[in-house]
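Quick note: the sequence shown uses this note's numbering, first residue 114, plus one each step.
A virtual CB, placed ideally from N, CA and C, is assigned to each residue, including glycine.
Only a predicted model underlies this, so the values are computations on that prediction, with no experimental measurement involved.
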Amino acid sequence: MNDVTMYYEYIHDEKVPVWFVVENIDWSNPSLYLNLKSYSQRDISYFQNDDIKVSVLLSDLILNHIQENHFGINLINIESGINDYGYDKRHIKALVIRVVDVKEVIYMDRVLV
Numbered sequence: 114m115n116d117v118t119m120y121y122e123y124i125h126d127e128k129v130p131v132w133f134v135v136e137n138i139d140w141s142n143p144s145l146y147l148n149l150k151s152y153s154q155r156d157i158s159y160f161q162n163d164d165i166k167v168s169v170l171l172s173d174l175i176l177n178h179i180q181e182n183h184f185g186i187n188l189i190n191i192e193s194g195i196n197d198y199g200y201d202k203r204h205i206k207a208l209v210i211r212v213v214d215v216k217e218v219i220y221m222d223r224v225l226v
């Protein structure tokens with residue numbers, strides 16, 4: 114279900130990851146875990162701004178000590194924020210996660226273990 118795309122841009126001829134975008138979100142669980150090795154890639158110029166998306170904050174990300182190369186998203190926090198703004202999660206087309214935030218979570222995992 115959860116389709117993940119990593120959007121990148123080129124800086125000084127080097128491909129730099131910018132966002133992970135999760136579409137077809139499975140809201141049936143309190144958290145969503147994603148594999149850092151399993152996603153498609155697209156240039157940032159293909160990013161669509163016309164759908165309703167939600168930014169995932171660093172505080173919404175979850176360390177995963179069990180599965181290597183996985184991180185989680187606290188969907189309860191995300192849904193609460195959506196409701197606070199008067200929206201319904203069924204209208205959300207994607208979650209947008211900054212790659213630097215994911216790297217921070219992965220780094221914290223290495224430091225804390």
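Open item on the list: So the candidates are 187, 199 and 204; which of them puts its Cα closest to the Cα of residue 143?
Closed with: 187
Task: Residue range of the alpha helix (DSSP H) that includes residue 201 - done: No alpha helix (DSSP H) contains residue 201, which DSSP labels as neither H nor E.
TODO: Keeping to the same chain, check which residues put their C-beta closer than 7 Å to that of residue 214; ignore five residues upstream and five downstream.
DONE: 171 and 174
Task: Straight-line gap, residue 158 to residue 132 (C-alpha atoms, nearest Å) - done: 12 Å
Open item on the list: In the DSSP assignment, the beta strand (DSSP E) including residue 187 goes from what residue to what residue?
Closed with: 183-187
Open item on the list: To the nearest angstrom, how far is the alpha carbon of residue 164 from that of residue 217?
Closed with: Computed Cα separation, rounded: 27 Å.
Open item on the list: So, at 8 Å on beta carbons, what are the nonlocal neighbours of residue 147 in its own chain, with the 5 sequence-adjacent residues on each side left out?
Closed with: 115, 117, 133, 135, 183, 184, 185 and 186
- [ ] Can you tell me the Cβ-Cβ gap for residue 169 and residue 191, rounded? I've got them flagged as a contact below 8 Å.
- [x] 7 Å
Open item on the list: If you follow the beta strand (DSSP E) that residue 132 is in, where does it begin and where does it stop?
Closed with: 127-136
Open item on the list: Applying the 10 Å Cβ sphere with the 16-neighbour rule, what's the burial state of residue 129?
Closed with: exposed
TODO: Give me whichever residues DSSP pairs with residue 119 in a beta bridge.
DONE: Its beta-bridge partners are 133 and 154.
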